[in-house]
Amino acid sequence: MSSEPPSPELPPRPADGEGAPARPKRRPRYRGTHPRRFDEKYKELNPGQYPETVAKVLASGKTPAGMHRPVMLQEILEILHPQPGEIGVDCTLGYGGHTTELWKRTQPGGRLLAFDVDPLELPRTAARLREALQPGESLILTHGNFAGLPRTLVANGIDGVDFILADLGVSSMQLDDPTRGFSFKADGPLDLRMNPRKGVPASTRVRTLTERGIAELLEENADEPRAAAIARAIVAARATRPIETTHQLSGVVRSALASGPSKVGEEELRSTLQRVFQALRIDVNEEFSALETLLRNAATCLKPGGRIAILSFHSGEDRRVKKAFAEGWRAGLYSRVATEVLRPGKEEIHANPRASCVKLRWAIRSPRDTATMPSESRLPEAAPAQDHPLLRFQGSGIHGTGAFARGPIAAGTRVIEYLGERITKEESLRRCMRNNEYVFQLDEDSDLDGDVSWNPARFLNHSCAPNCEALHESGHIWIVSTRDISPGEEVTFNYGFDLERYKDYPCACGSPGCVGYMVAEEFHEHLRRQRELTREGGPADGGPPPAADPNPA
C-alpha cells in the first residue's frame with residue numbers, strides 16, 4: 017500500500033466562453049523581420065499601445081499604417097488664422113489632423129463643422145477626437161459630401177462661417193488599406209469608392225465603359241498621354257476575363273506600355289499607374305462635380321472677410337480652384353486671392369513624401385458689410401484695387417477714374433461683373449431721386465445698386481461708341497466685350513439712360529458719333545435730329561422722341 021498522499025483532484029477545464037480567461041491574441045505571422053502587408057502592421061495600427069513604433073516610423077519619413085499626416089498644417093493655420101469664437105468648416109475630416117488644430121484655435125466659444133463621406137473612417141476618427149478633445153457641441157461631424165455645405169449650414173442654424181478648408185487628397189488610411197482598392201501597390205478589389213455603400217465600384221466602370229469612354233476618362237481626369245493605348249488594352253483584356261482587382265488592372269497597364277514603341281522605365285510606369293487609378297477614383301466618386309459645387313457656393317457661405325484654403329493634388333483640381341478664385345475675384349466676391357501657388361517645403365516632403373505634389377491656394381471674401389450702409393450716405397470715391405487681371409484703373413480723359421485693358425481682350429469676354437446691393441423697386445426709385453447713377457434693373461421685382469465700394473465695375477465710363485455691353489444672366493450683370501479691345505484702350509459701355517433729365521448727364525467720350533449725353537443708343541437719332549433742328553432754327557429742345565405710328569400701313 018502506497019504511503020504517498022492522493023493527488024489533488026483537478027477541476028474540469030471550462031469550455032471556451034464559460035468563464036475561462038481570454039487567451040492572448042497571437043500577433044499576425046509574417047515572413048522576414050518586418051511586416052509588409054497592411055494587416056500585418058499591428059503595432060502601427062495600434063498607436064496608443066505601441067507609441068514607440070509609431071514614432072520610429074514617423075522619424076523615418078514614412079506614414080504609419082492606418083494614420084494620416086496633415087499636409088501644410090502651419091501654412092493652413094497662417095492663412096485661415098482661426099480665432100476663439102469663430103465658426104469654421106473642414107470639408108475633409110479624414111484622420112482629423114487639420115480638424116484638431118483648427119478646432120483648438122476656435123476655442124473657447126467657437127464651432128467647427130467637419131465633413132467626411134467615408135462611413136468606415138468617420139466613426140474611428142470621431143471616437144478618437146471625442147476622447148482626445150472632449151469638444152461637446154462645438155465640433156459637428158457630418159457624414160456627407162462637402163458639396164452639401166450650404167444645406168448643412170442651414171440645418172445647423174449657421175448663417176455664415178469665418179473660414180473653410182478643403183484637403184482634396186485621399187487619406188493614407190484609405191490608400192494603405194488594400195480592401196479599399198485605392199492603390200496599385202497591393203492587391204485588392206478594384207473599388208476606389210470613398211463610400212463603399214453607394215455608387216458603383218471602379219471594376220464596374222472598367223467593364224461597362226466603351227474604349228472611347230475609358231480614353232476620355234483618362235485624359236480628362238488625369239491628363240494621361242497614353243490614354244488611347246491603355247483604353248485599347250483594357251477592352252482587349254476584359255474580353256477574355258473581367259478586370260476585378262487592382263493587380264489585374266496594373267498588369268493590363270503594364271502590358272499596354274510594354275507593347276508601345278518606346279521602352280518605359282519603372283518610374284514612368286509608376287506615374288502612369290498613379291494617373292490611371294486617380295482617373296478612375298475621380299470618376300467613381302464624382303470628385304470634380306463635388307469640387308465645382310463647393311467652389312460655386314464657397315463665397316456665399318463665408319462671412320465678409322472670411323478665408324478659404326484648398327489643398328489640391330493634381331492639375332485637374334488645381335485648374336478648377338485657380339479659375340474659380342480668379343472669377344470670384346473679378347466678380348468682386350473675393351477681395352484677395354493667391355497670386356502664386358504655395359507648396360510644401362523640403363523638410364515636410366522629406367518627412368511626408370505624399371505631400372510632394374500638393375498645391376495650396378487661398379482667397380479672402382470681400383467685406384460686403386458695406387452694402388448695409390444707409391442709402392443716404394454716398395460712399396467715397398475710393399480708388400479700386402489695382403490687381404484685376406484684365407483691367408488697370410487710372411485717370412481717364414472721359415471722366416475721373418476709368419478702366420483700361422491690361423492686354424488684348426477678345427470679343428465676347430466677360431470682362432468684369434457689375435456688383436451691388438439687391439434692392440426693391442420702391443427703394444430703387446427713392447435712390448434714383450437722390451441722383452444715384454449706378455442702379456441697374458434686374459427683374460420685375462428688384463434692381464441692383466452698384467454704388468458700393470466693393471464694385472470696381474462702377475469705374476467703367478460711359479461711351480456713345482462703347483466696346484462692351486451689359487449682359488443680364490441668371491440674376492447677374494456682366495460687362496462683356498462686343499469687339500476686340502487693344503492693350504491700353506479704355507473699357508466702356510453705354511449707361512443706357514433714358515431722356516428724363518438727360519441734360520444732367522453730359523457725355524465727354526469724344527467718339528465720332530458722340531451725341532453729347534449718356535443716353536441709350538435708341539435715343540441717339542433723336543438727339544442728332546434735335547441738334548440739326550437747333551442749327552436750322554427749330555425748337556431748342558427738339559421735342560419728345562417720335563412716337564410709333566398706332567396705325568402702320
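Following the numbering used here, the numbering of the sequence shown begins with 17 at its first residue and continues without gaps.
Just so it is clear, CB atoms sit at the ideal spot from N, CA and C, and this is done for glycine as well.
Cβ pair residue 182, residue 157 closer than 9 Å: Within the sequence shown, the letter at position 166 stands for residue 182. Within the sequence shown, the letter at position 141 stands for residue 157. Going by C-beta atoms, residue 182 is not nearer than 9 Å to residue 157.
Cβ-based burial, residue 327 [other Cβ within 10 Å; buried from 16]: On the sequence shown, position 311 is the one that residue 327 refers to. Counting Cβ neighbours within 10 Å, residue 327 comes out buried, since at least 16 surround it.
Per-residue burial, residue 277 [other beta carbons within 10 Å of its own, 16 or more giving buried]: Here residue 277 is taken as the residue at index 261 of the sequence shown, counted from 1. Under this definition residue 277 is an exposed residue.
Cβ contact check for the region 315-335 and the region 194-202: 3 or more pairs under 8 Å: Contact between the region 315-335 and the region 194-202 is absent: fewer than three C-beta pairs spanning the two stretches fall below 8 Å.
Inter-stretch contact (C-beta, 8 Å, three-pair minimum) for the region 88-101 and the region 162-175: Counting Cβ pairs under 8 Å, fewer than three are found: no touch.
CB-CB length for residue 504 against residue 420, believed under 8 Å: Counting from 1 along the sequence shown, the entry for residue 504 is found at position 488. Counting from 1 along the sequence shown, the entry for residue 420 is found at position 404. Rounded, the Cβ-Cβ distance is 6 Å, consistent with contact.
Per-residue burial, residue 99 [other beta carbons within 10 Å of its own, 16 or more giving buried]: Within the sequence shown, the letter at position 83 stands for residue 99. Exposed, because fewer than 16 other Cβ atoms sit within 10 Å of the Cβ of residue 99.
Rounded C-alpha distance that separates residue 212 from residue 356: What you label residue 212 is simply residue 196 of the sequence shown in a count that begins at 1. What you label residue 356 is simply residue 340 of the sequence shown in a count that begins at 1. The C-alpha of residue 356 is placed about 37 Å away from the C-alpha of residue 212.
Start-to-end residues for the alpha helix (DSSP H) that takes in residue 263: Residue numbering aside, residue 263 sits at position 247 when the sequence shown is read from its first letter. Where residue 263 is concerned, the enclosing alpha helix (DSSP H) starts and stops at 262-274.
Given 8 Å, three or more beta-carbon pairs between the region 477-486 and the region 510-523: Counting Cβ pairs under 8 Å, three or more are found: they touch.
Enclosing alpha helix (DSSP H) for residue 341 [first to last residue]: What you label residue 341 is simply residue 325 of the sequence shown in a count that begins at 1. For residue 341, the enclosing alpha helix (DSSP H) begins and ends at 331-346.
Alpha carbon of residue 473 to alpha carbon of residue 435, nearest angstrom: Position 457 of the sequence shown holds residue 473. Position 419 of the sequence shown holds residue 435. It is roughly 7 Å from the alpha-carbon of residue 473 to the alpha-carbon of residue 435.
Of the residues 259, 423, 491, the one placed nearest residue 456, counting alpha carbons only: To locate residue 456, count along the sequence shown from 1; it is residue 440. Closest by alpha carbon: 491.
contact_flag[the region 280-290, the region 206-226] where n(CB pairs < 8 Å) is 3 or more: Result no; under three Cβ-Cβ pairs closer than 8 Å.
The region 245-254 contacting the region 300-317, beta-carbon criterion three pairs below 8 Å: Because the criterion of three Cβ pairs below 8 Å is not met, the region 245-254 and the region 300-317 do not touch.
Status (buried if at least 16 other CB within 10 Å, exposed otherwise) for residue 170: In the sequence shown, the residue the question calls residue 170 occupies position 154. It is exposed - the Cβ of residue 170 has fewer than 16 other Cβ atoms within 10 Å.
Residue 493 - DSSP class collapsed to helix/strand/coil: Within the sequence shown, numbered from 1, the residue matching residue 493 stands at position 477. Residue state, collapsed to three classes: strand.
Residue 147 classed as buried or exposed, judged by whether at least 16 other C-beta atoms fall within 10 angstroms: As a working note, residue 147 is residue 131 in the sequence shown. By the 10 Å Cβ count, residue 147 comes out exposed.
Three-state class that DSSP yields for residue 544 in the structure shown: Position 528 of the sequence shown, counted from the start, is the residue given in the question as residue 544. Correct three-state label for residue 544: helix.
Where the beta strand (DSSP E) containing residue 241 begins and where it ends: Locating residue 241 in the sequence shown gives position 225, counting from the first residue. Where residue 241 is concerned, there is no enclosing beta strand (DSSP E), given that its DSSP letter is neither H nor E.
Beta-bridge pairing of residue 353 - partner residues as DSSP gives them: Residue mapping note: residue 353 aligns to position 337 of the sequence shown, counting from 1. Its beta-bridge partners are 379.
Which residues DSSP lists as bridging residue 418, in chain order: Taking the sequence shown and counting its residues from 1, one reaches residue 418 at position 402. BP columns for residue 418 point to 410.
Beta-carbon proximity list for residue 294, same chain, < 8 Å, skipping 5 on both sides: Within the sequence shown, residue 294 is the residue found at index 278, counting from 1. Once the five neighbours on either side are set aside, the close Cβ partners of residue 294 are 237, 238, 330.
Residue burial classification, residue 375 (beta-carbon count within 10 angstroms, cutoff 16): Numbered from 1 along the sequence shown, position 359 holds the residue referred to as residue 375. Burial call: buried.
Proximity of residue 234 and residue 291 at Cβ, strictly below 9 Å: The sequence position of residue 234 within the sequence shown is 218, counting from 1. The sequence position of residue 291 within the sequence shown is 275, counting from 1. In this structure, residue 291 lies closer than 9 Å to residue 234 by Cβ.
CB contact flag (residue 426, residue 497, <9 Å): Numbered from 1 along the sequence shown, position 410 holds the residue referred to as residue 426. Numbered from 1 along the sequence shown, position 481 holds the residue referred to as residue 497. The answer is yes: Cβ separation under 9 Å.
Nearest-angstrom beta carbon gap, residue 296 and residue 218 [assumed within contact, 8 Å]: Taking the first residue of the sequence shown as 1, we reach residue 218 at position 202. Taking the first residue of the sequence shown as 1, we reach residue 296 at position 280. Rounded, the Cβ-Cβ distance is 4 Å, consistent with contact.
Assigned exposure category for residue 299 - 16 Cβ within 10 Å defines buried: By one-based count along the sequence shown, residue 299 stands at place 283. It counts as buried.
Beta-carbon separation (whole angstroms), residue 118 vs residue 104, contact threshold 8 Å: Residue 118 sits at position 102 when you count from the first residue of the sequence shown. Residue 104 sits at position 88 when you count from the first residue of the sequence shown. Yes, they are in contact, since the Cβ atoms of residue 118 and residue 104 sit about 6 Å apart, within 8 Å.
Helix, strand or coil at residue 200 according to DSSP, with G and I counted as helix: On the sequence shown, residue 200 is found 184 positions in, with the first residue counted as 1. DSSP places residue 200 in coil when its eight states are reduced to three.
Beta-carbon proximity of residue 380 to residue 526, cut-off 9 Å: Numbered from 1 along the sequence shown, position 364 holds the residue referred to as residue 380. Numbered from 1 along the sequence shown, position 510 holds the residue referred to as residue 526. No, the Cβ-Cβ distance between residue 380 and residue 526 is not below 9 Å.
Separation of residue 344 from residue 460, as counted between CA atoms: In the sequence shown, residue 460 corresponds to position 444, counting from 1. In the sequence shown, residue 344 corresponds to position 328, counting from 1. Between residue 460 and residue 344, the alpha-carbon positions lie close to 26 Å from each other.
For residue 289, the nearest candidate out of 275, 304, 305, 268 (CA to CA): For the purposes of this step, residue 289 is identified with residue 273 of the sequence shown, where counting begins at 1. Closest by alpha carbon: 268.
Delimiting residues of the beta strand (DSSP E) encompassing residue 432: Working through the sequence shown from its first residue, we reach residue 432 at position 416. Here the beta strand (DSSP E) through residue 432 covers 430-434.
Rounded C-alpha distance that separates residue 442 from residue 462: Here residue 442 refers to the residue found at position 426 of the sequence shown. Here residue 462 refers to the residue found at position 446 of the sequence shown. Residue 442 and residue 462: Cα-Cα distance of roughly 9 Å.
Three-way DSSP call (helix, strand, coil) for residue 521 in this model: Numbered from its first residue, the sequence shown carries residue 521 at position 505. Three-state DSSP puts residue 521 in coil, outside helix and strand.
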